[in-house]
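Scroll down for the structure; my scribbles are underneath it.
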Amino acid sequence: MTRTWLTVDTDDRHHRPSMQGHPTRSASPDGRGVDRTPSEAWLSACSALGAWLDRQSVPVTLFVIADQLEVDASRDALLSLTNRPGVTVGCHGLHHRAWGAWPADELRFNDALTTSMHRLREAFGDRVQPWFRAPSGYVAPWMARVLAGVGMTVDSSVNPSFLVRKKAGPGRSWTDVERAMTDAGLVERPWLVRKGLPTCGPALHLPLLRRNARRAWRALPDVLKAEEVPVVEDASRPLVTVYWHLDDHARHHGAWTPPLR
Ligand SMILES: [Zn+2]
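Using the numbering used here, the letters of the sequence shown map in sequence onto residues 493 to 753.
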């Protein structure tokens with residue numbers, strides 16, 4: 493039976509591509525000089541997500557950006573969140589650099605992944621899974637081999653919508669990325685689309701997409717049970733993958749919740 497895998501990306505506002513990490517979209521492409529202090533909104537969103545998890549008791553995977561562990565306030569907030577049953581941690585990059593939007597750089601990508609996983613494991617121990625989500629959804633085929641080389645088993649970066657096909661890299665399609673992941677031995681867990689349109693992350697809020705997204709979420713299969721989470725790594729098991737942003741929980745004065753049934 494198909495189940496739903498709930499995932500949350502822990503981006504703060506300074507991680508966004510308009511701020512840093514993208515060669516042409518960012519105020520600071522290389523991210524140097526960007527203040528990594530967590531925002532008040534992000535910190536309050538951590539509390540709101542924690543309260544929601546306590547009410548729902550559903551397993552969730554947090555895709556964490558490793559630089560959030562360098563600042564005490566964000567480190568403590570994340571440790572408190574992951575101190576709940578059913579919470580697992582995946583890798584959302586070191587500084588949220590949009591690797592797939594830059595020219596291929598296997599060496600530096602490898603170093604960033606190795607450092608990220610080391611820091612995540614040091615902080616979260618066996619909560620950490622070798623699962624990756626590309627910052628800002630930019631994922632190119634060259635990244636697959638590097639991910640496999642550092643021991644990643646799952647990639648969940650593909651947003652298989654025509655609207656964002658450029659994020660697969662110049663001249664590439666989502667099929668190319670999925671094939672590269674499979675060839676490298678990774679399981680690809682693409683995000684849910686409905687009628688070819690994105691339904692996750694920003695699509696939950698954008699005026700032209702949110703209606704379609706909410707319809708898709710209301711029709712989701714049952715959420716994975718805690719003991720079923722390992723099927724994320726089992727390519728033979730179909731799974732619907734959805735994600736939202738942690739700081740969504742700061743919306744509506746902290747009352748926002750993901751639009752599950
Ligand atoms: Zn992100």
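Ideal Cβ positions, reconstructed from N, Cα and C, are used throughout, including at glycine. None of these values were measured; they are calculated from a predicted model.
### Task
Please classify glycine 592: is it buried, with 16 or more other beta-carbons within 10 angstroms of its beta-carbon, or exposed?
buried
### Task
Give me the Cα-Cα distance between glycine 693 and threonine 607, rounded to the nearest whole angstrom.
26 Å
### threonine 645 and glutamate 725 closer than 9 Å at C-beta
yes
### Message
Can you give me the C-alpha to C-alpha distance between alanine 543 and asparagine 575, rounded to a whole angstrom?
### Response
13 Å
### Message
For methionine 635 and alanine 596, I'd like the C-alpha separation in whole angstroms.
### Response
8 Å
### Query
Quick one: any contact between the stretch 659–672 and the stretch 615–624, if contact means 3 or more CB pairs under 8 Å?
no
### Query
Out of curiosity, what's the CA-to-CA distance linking valine 620 and leucine 698?
Those two C-alpha atoms are separated by around 31 Å.
### Query
Thinking C-beta only, is proline 633 closer than 9 Å to aspartate 668?
yes
#### Entry: Enclosing beta strand (DSSP E) for aspartate 501 [first to last residue]
495–501
### Message
On a Cα-Cα basis, can you pick out the residue from Gly688, Leu541 and Ala615 that is closest to valine 552?
### Response
Restricting attention to Gly688, Leu541 and Ala615, the CA atom closest to the CA of valine 552 is found in Leu541.
### Message
Using only the alpha-carbon positions, how far apart do arginine 700 and glycine 643 sit?
### Response
Checking the sequence, you will find leucine at residue 700 rather than arginine. Distance between the alpha carbons of leucine 700 and glycine 643 is about 39 Å.
#### Entry: Local conformation of glycine 661 per DSSP, three classes
coil
### Message
Comparing C-alpha positions only, which one of Val723, Met493 and Val631 sits nearest to serine 649?
### Response
Looking at Val723, Met493 and Val631, the one whose alpha-carbon comes closest to that of serine 649 is Val631.
### Query
Does the count of Cβ pairs from the stretch 502–520 and the stretch 529–536 closer than 8 Å reach three?
Contact between the stretch 502–520 and the stretch 529–536 is present, because at least three Cβ pairs lie under 8 Å.
#### Entry: DSSP three-state assignment for valine 723, whether helix, strand or coil
Three-state result, valine 723: helix.
### Query
From which residue to which residue does the alpha helix (DSSP H) around phenylalanine 616 run?
For phenylalanine 616, the enclosing alpha helix (DSSP H) begins and ends at 598–616.
#### Entry: Helix, strand or coil at serine 539 [DSSP, three-state]
helix
### Candidates Ser536, Leu605, Phe616 and Glu614, of which the one nearest glycine 746 by Cα
Ser536
### Message
What does the alpha-carbon distance come out to for the pair leucine 498 and tryptophan 683?
### Response
10 Å
### Message
Give me the residue from Leu605, Ala711 and Gln548 with the minimum Cα distance to valine 579.
### Response
Gln548
### Alpha-carbon spacing of serine 572 relative to valine 638, whole angstroms
31 Å
### Message
Quick test of your reading: threonine 494 and valine 732, contact by CB under 8 Å. State the CB separation rounded to the nearest angstrom.
### Response
6 Å
### Message
Under DSSP, the alpha helix (DSSP H) around valine 638 begins and ends at which residues?
### Response
Per DSSP, valine 638 belongs to the alpha helix (DSSP H) from 635–641.
### Message
Going by the DSSP bridge assignment, what does leucine 731 pair with across the sheet?
### Response
Arg495
### Query
Once you ignore the five residues that flank aspartate 603 on each side, which residues in its own chain have a CB closer than 6 Å to its CB?
none
### Query
From this set, Pro751, Trp736 and Leu716, which residue's C-alpha is nearest arginine 729's C-alpha?
Leu716
### Task
Return the Cβ separation of alanine 676 and alanine 640 in integer angstroms, given the expectation that the two are a contact with Cβ distance under 8 Å.
4 Å
#### Entry: arginine 681 burial status per 10 Å Cβ neighbour count (16 or more: buried)
buried
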